[in-house]
Amino acid sequence: MTVVVNHTVKADLIRALPRLTDRLTEEVDRTVKSELPPCDEWTAVKITEPLLNIVTIVSGLIFLGPDLSRKPEYIRAAVDYTIDITAAVGRLKEWPWWMRPIMSRIIPEVVRLRGYRQEMQMFLEPVIAERRQLKVAGEPLPDDTLQWLLNRAEAAGITDVADITHMQLLLTMAAIHTTTLTATRILYDLAAHPEAVEAIRDEVRGVLNDNGGVMTTKALFDMKLTDSVMRESQRLNPPFSDGFRRYTLKPITLKDGTFIPAHSYIEAANTPALQDPNHYPNPELTPTAYIQTFDPYRFYKLRTTDAPDPIGYRNREQYQFVSVTKENMSFGFGRHACPGRFFAANEIKLILARMLLDYDIKMPEGVETPYKNLSIGVVNATDVTKEILLRKVRC
Numbered sequence: 001m002t003v004v005v006n007h008t009v010k011a012d013l014i015r016a017l018p019r020l021t022d023r024l025t026e027e028v029d030r031t032v033k034s035e036l037p038p039c040d041e042w043t044a045v046k047i048t049e050p051l052l053n054i055v056t057i058v059s060g061l062i063f064l065g066p067d068l069s070r071k072p073e074y075i076r077a078a079v080d081y082t083i084d085i086t087a088a089v090g091r092l093k094e095w096p097w098w099m100r101p102i103m104s105r106i107i108p109e110v111v112r113l114r115g116y117r118q119e120m121q122m123f124l125e126p127v128i129a130e131r132r133q134l135k136v137a138g139e140p141l142p143d144d145t146l147q148w149l150l151n152r153a154e155a156a157g158i159t160d161v162a163d164i165t166h167m168q169l170l171l172t173m174a175a176i177h178t179t180t181l182t183a184t185r186i187l188y189d190l191a192a193h194p195e196a197v198e199a200i201r202d203e204v205r206g207v208l209n210d211n212g213g214v215m216t217t218k219a220l221f222d223m224k225l226t227d228s229v230m231r232e233s234q235r236l237n238p239p240f241s242d243g244f245r246r247y248t249l250k251p252i253t254l255k256d257g258t259f260i261p262a263h264s265y266i267e268a269a270n271t272p273a274l275q276d277p278n279h280y281p282n283p284e285l286t287p288t289a290y291i292q293t294f295d296p297y298r299f300y301k302l303r304t305t306d307a308p309d310p311i312g313y314r315n316r317e318q319y320q321f322v323s324v325t326k327e328n329m330s331f332g333f334g335r336h337a338c339p340g341r342f343f344a345a346n347e348i349k350l351i352l353a354r355m356l357l358d359y360d361i362k363m364p365e366g367v368e369t370p371y372k373n374l375s376i377g378v379v380n381a382t383d384v385t386k387e388i389l390l391r392k393v394r395c
């Protein structure tokens, strides 16, 4: 089933992005306004909470279409499934592998996951039936991820609604969880660097002016400072300290002669490359370590000027947020790199653009340094309990 999901994202969603931008923009504008508080004065907001709803609804527009994406049943199941699946995995890992099938029947988080799948299946069953009838009748079909999944599942011989529901939830979980946490972290960093907020706001106004007031695909590409801030935030706060994890099924000999036996776990370190002072100069030097500093313009300069390129890429567009290189494996690497990163990047840019056009942001009084992440093994988790201050932009 994961093969069908991956092909749907790679072959259908990515190709559809240019024609989806208008729909995404309208939904982001509507949802940001409905989910964020008025904030006529400086107001403390745990920003992850409204962001989770914003990302769920906006993603749902593309996943299920406008008639379904705002349904309470979808929002509840999608949000709760996203929250509980991480907890369920952690609880199951507390037990040896041979005990997990038994414990999965009684661990509350796992039991709830089954409930969410049943709720989503009941929600999708009549929708899928209706779409199948439309196809038989030769009627036009919706242009959304659910329909693309149905088409590819049918071609693969998968017709069970339970399986299609599972695939839809896999896609929903992957998109909502990572996008929300990434956007949260970026807003934390912007709140700690308010000088970048006005600069991004000016950039957004500029690209809108250059594109007839419409947020086109070109306008999103031209938001190079916004993209730079996104990449810099991810550089300093990668979701995982490793770039990828693999398990060898057979012995492998690498080109340099390194031999890896079968049944070995291998990982590629990500954080050291992202924070190498040779690649990212001008860190603060303490008596014991280099402390990398947040530079909103770092990748903007590397893409738009003749600034020295410490890595020496052939194409400086490799410094985009979505680019995957050996020096930045936050989205994975090679053919298994995250296929949804292009959709996520567009969605985050649209959310940031709308928020910064409407709101000023800053850290709470007395907080002078960026919020730290929570390290859990190789996971570098955004602390979702923190607040930032929002206030409506004053003309």
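So in the UniProt record's numbering, spot 99 of the sequence shown is number 99, and the numbers just go up one at a time. Built from N, CA and C at the ideal position, the CB exists for glycine as well.
*Under three-state DSSP, which class holds T25?*
helix
*For I388, the three-state DSSP class (helix, strand or coil)*: strand
*Could you pull out every residue in the same chain whose Cβ sits closer than 6 Å to the Cβ of R100, ignoring the five residues on either side in sequence?*
Within its own chain, the residues whose Cβ lies closer than 6 Å to the Cβ of R100, once the five positions on either side in sequence are excluded, are L92, listed in chain order.
*Could you give the distance in angstroms between the alpha-carbon of E365 and the alpha-carbon of R391?*
14 Å
*May I ask you to report which of helix, strand or coil DSSP gives I75?*
helix
*Ignore the nearest five residues each way along the sequence and tell me which others in R341's own chain have a CB closer than 6 Å to its CB.*
If the five residues before and after R341 are omitted, its C-beta is found closer than 6 Å to the C-beta atoms of V322 and F331, all from its own chain and listed in chain order.
*Classify H177 as buried or exposed, calling it buried when 16 or more other Cβ atoms lie within 10 Å of its own Cβ.*
buried
*Could you tell me the distance, in whole angstroms, from the CA atom of residue 396 to the CA atom of M363?*
What is shown of the chain runs 1 to 395, which leaves residue 396 out entirely.
_Identity of the residues DSSP links to D242 by a beta bridge_ = A269
*State the DSSP-derived secondary structure class of K362, mapped to helix, strand or coil.*
strand
*asked:* Quick check on the burial criterion: 16 or more other C-beta atoms within 10 angstroms. Buried or exposed for A196?
replied: buried
*What is the DSSP secondary structure of S228, reduced to helix, strand or coil?*
helix
_Boundaries of the beta strand (DSSP E) in which V378 is found, first to last residue_ = V378 -> no beta strand (DSSP E), and no H or E assigned at all.
*Name the residue from L13, L113, E94 and D358 whose alpha carbon lies nearest to the alpha carbon of G60.*
L13
*asked:* Rounded to the nearest angstrom, what separates I107 and L389 at their Cα positions?
replied: 38 Å
_Mapping the DSSP letters down to three states, classify T86 as helix, strand or coil._
helix
*In this structure, does DSSP put V393 in helix, strand or coil?*
Coil, per DSSP.
*Cα-Cα, which of P277, E267 and T184 is closest to K372?*
T184
*Nonlocal neighbours in the same chain, by C-beta distance under 8 Å from T304, ignoring five residues either side*: K224
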